[in-house]
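> Take this structure first; my questions come after.
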Amino acid sequence: MKYLKTIINDAQKNWYAVKILFESIHSGTANLDKIDEADYDSSKKLYEESIILVEAATIKNAYEIAEEQAYRTEHEYLNTYEQLVKWRFVKLLHVFELNDNQLNSGTEVYSRFIHARKEDDIKDIINRYYPEALDPKEEPKPDG
Numbered sequence: 527m528k529y530l531k532t533i534i535n536d537a538q539k540n541w542y543a544v545k546i547l548f549e550s551i552h553s554g555t556a557n558l559d560k561i562d563e564a565d566y567d568s569s570k571k572l573y574e575e576s577i578i579l580v581e582a583a584t585i586k587n588a589y590e591i592a593e594e595q596a597y598r599t600e601h602e603y604l605n606t607y608e609q610l611v612k613w614r615f616v617k618l619l620h621v622f623e624l625n626d627n628q629l630n631s632g633t634e635v636y637s638r639f640i641h642a643r644k645e646d647d648i649k650d651i652i653n654r655y656y657p658e659a660l661d662p663k664e665e666p667k668p669d670g
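Okay, so the sequence shown: first residue is 527 according to my numbering, each after it adds one.
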């Protein structure tokens, strides 16, 4: 009977893409002899947005599995500048149910709709949501 229950449960599972936010917390004083001026900026904080795939029976179950995975992913190490870096889980940002239960090349793993003001053009959208995609010569403009 347990075998039949496992088959039924597996058949009812779906794939979810879960967006997770991590924060990099740096402590200690950087070793000045190792600082590369072009690469080191202590005035900024670093976050990582990660998207993982989760197989679960429900969206609630996908949240639970992803949260457990996020906590297991936390880690720490000494960086190049001899500072302790701790990567900490901050928040589950979004869970997206995949339309396909089989993962193949080209399977959409994440999607979201962006609601924008009518006066926003594509440059405004890129500046606001994807500043890392800006041409290096372009400076992000203040959100307004």
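The beta carbon of each residue, even a glycine, is placed where N, CA and C say it ideally should be. Predicted, not measured: the structure shown is a model, and the values here were computed from it.
Only counting runs of 4 or more residues, tell me where the alpha helix (DSSP H) segments fall wholly within the region 560-600, in order along the chain.
Runs of the alpha helix (DSSP H) inside the region 560-600: 585-599.
> L558: buried (16+ other C-beta within 10 angstroms of its C-beta) or exposed?
Label assigned to L558: exposed.
> Which of the three DSSP states, helix, strand or coil, is assigned to Y655?
Note: Y655 maps to helix in three-state DSSP.
> Could you give the DSSP three-state label for L558: helix, strand or coil?
Three-state result, L558: helix.
> Kindly confirm or deny that the region 644-661 and the region 597-617 touch, where touching means at least three C-beta pairs closer than 8 Å.
In short, these stretches do not touch, since the Cβ pair count stays below three.
> Tell me where the beta strand (DSSP E) around L749 begins and ends.
This structure gives no information on residue 749, because the portion of the chain shown stretches from 527 to 670.
> From T633 to K560, what does the alpha carbon distance come to, in whole angstroms?
Those two C-alpha atoms are separated by around 43 Å.
> Any heavy atom of the ligand FAD within a distance shorter than 7 Å of the CB on I551?
Among the components of this structure there are no ligands whatsoever, and the ligand FAD is therefore not found.
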